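Chains A and B are the protein sequences, given in the same order. The working numbering puts the first residue of the first sequence at 1, with every later residue one more than the last. The working numbering puts the first residue of the second sequence at 117, with every later residue one more than the last. Where a beta carbon is used, it is the ideal one built from N, C-alpha and C, also for glycine. The structure displayed is predicted, hence computed values, not measured ones.
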Amino acid sequence: SQQGEEDPQALSIQEGENATMNCSYKTSINNLQWYRQNSGRGLVHLILIRSNEREKHSGRLRVTLDTSKKSSSLLITASRAADTASYFCATARTGGSGGSNYKLTFGKGTLLTVNP
Amino acid sequence: GAGVSQSPSNKVTEKGKDVELRCDPISGHTALYWYRQSLGQGLEFLIYFQGNSAPDKSGLPSDRFSAERTGGSVSTLTIQRTQQEDSAVYLCASSLMELASEQFFGPGTRLTVL
């Protein structure tokens, strides 16, 4: 089953509004990352938050992590038409013996449309 | 410096043919990953290479899929006897470190099997 699941599946807003996307996961993690994908091609890394962090900022992006609820949110403030893309969360599990803590497990993404 | 490159960008093939997809990671990145993304879906992990260690092939969907990484750099993903369900975008990523750090993605190869 998917480790990370984004919510909502699709979001449509007007330019200037804030966009919030959520991600839930099932197992313990080492870190959680958010990626952006334009036009179904390569992904671009946005931000990484470690399991011992609760909030992180990067420009207009704010990410929160609640390990007790196994959830994260990505907030994009003052959205622009150029922010239109799919946004994916990806989780890295905590390691074990021969553990797969190098693997990222991606959700299916949230398609964000920012209307000018 | 250059990012991750992949070739070809698009590949159309007939069912039953073999295809090879190539990935050139960022110089100095020791970890290399292959993913598959079907239309409207998330990324499905296929295989992982790290230095000289044995690759993690646990995500390969069948024995028709194989990959190698020569000299710790360029990687080739080979799909034998392609099927229509193999149609997808195949993405390669590399990273500096093993432990699930930021991954840098190539633009992908869109494979269409007719």
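Please classify residue i as buried or exposed, where buried requires at least 16 other C-beta atoms within 10 Å of its C-beta.
{"i": "R80(A)", "result": "exposed"}
{"i": "R197(B)", "result": "exposed"}
{"i": "R185(B)", "result": "buried"}
{"i": "Q153(B)", "result": "buried"}
{"i": "N31(A)", "result": "buried"}
{"i": "S86(A)", "result": "buried"}
{"i": "S58(A)", "result": "exposed"}
{"i": "V229(B)", "result": "buried"}
{"i": "L137(B)", "result": "buried"}
{"i": "P141(B)", "result": "buried"}
{"i": "A78(A)", "result": "exposed"}
{"i": "S211(B)", "result": "buried"}
Kindly indicate which residue of the options has the alpha-carbon position closest to the one of residue i.
{"i": "K108(A)", "options": "G156(B), F221(B) and V190(B)", "result": "G156(B)"}
{"i": "R226(B)", "options": "T146(B), A118(B), Y151(B) and G167(B)", "result": "Y151(B)"}
{"i": "S119(A)", "options": "V44(A), S51(A) and L111(A)", "result": "Since the first and last residues shown for chain A are 1 and 116, residue 119(A) lies out of range."}
{"i": "T167(B)", "options": "S203(B), K133(B), S189(B) and T194(B)", "result": "Correcting the residue type first, residue 167(B) is Gly in the shown sequence and not Thr. When each option's Cα is compared against that of G167(B), the closest is S189(B)."}
{"i": "R54(A)", "options": "L46(A), T27(A), S39(A) and S73(A)", "result": "S73(A)"}
Between residue i and chain B, is the shortest Cβ-Cβ distance under 8 Å, so that the two count as touching?
{"i": "L112(A)", "result": "no"}
{"i": "K108(A)", "result": "yes"}
{"i": "G59(A)", "result": "no"}
{"i": "K26(A)", "result": "no"}
{"i": "K103(A)", "result": "yes"}
{"i": "L65(A)", "result": "no"}
{"i": "L11(A)", "result": "no"}
{"i": "L43(A)", "result": "yes"}
{"i": "L74(A)", "result": "no"}
On the premise that residue j lies in contact with residue i, defined as a C-beta separation below 8 Å, what is that separation, rounded to the nearest angstrom?
{"i": "Y206(B)", "j": "G187(B)", "result": "The pair is not a contact, with the Cβ atoms about 21 Å apart (cut-off 8 Å)."}
{"i": "F88(A)", "j": "Q14(A)", "result": "Going by Cβ atoms, the distance from F88(A) to Q14(A) rounds to 23 Å, so no, they are not a contact pair."}
{"i": "A90(A)", "j": "L104(A)", "result": "4 Å"}
{"i": "S174(B)", "j": "A183(B)", "result": "Not really, about 12 Å apart at Cβ, beyond 8 Å."}
At least one CB of chain A closer than 8 Å to the CB of residue i: is that the case?
{"i": "F165(B)", "result": "no"}
{"i": "G224(B)", "result": "yes"}
{"i": "G188(B)", "result": "no"}
Note to self: Is it the case that the region 4–12 of chain A contacts the region 21–28 of chain A, given that we only count it when at least three CB pairs across the two stretches are under 8 Å?
What the structure shows: yes
Note to self: Check whether the region 133–151 of chain B and the region 199–213 of chain B are in contact - that is, three or more C-beta pairs closer than 8 Å.
What the structure shows: yes
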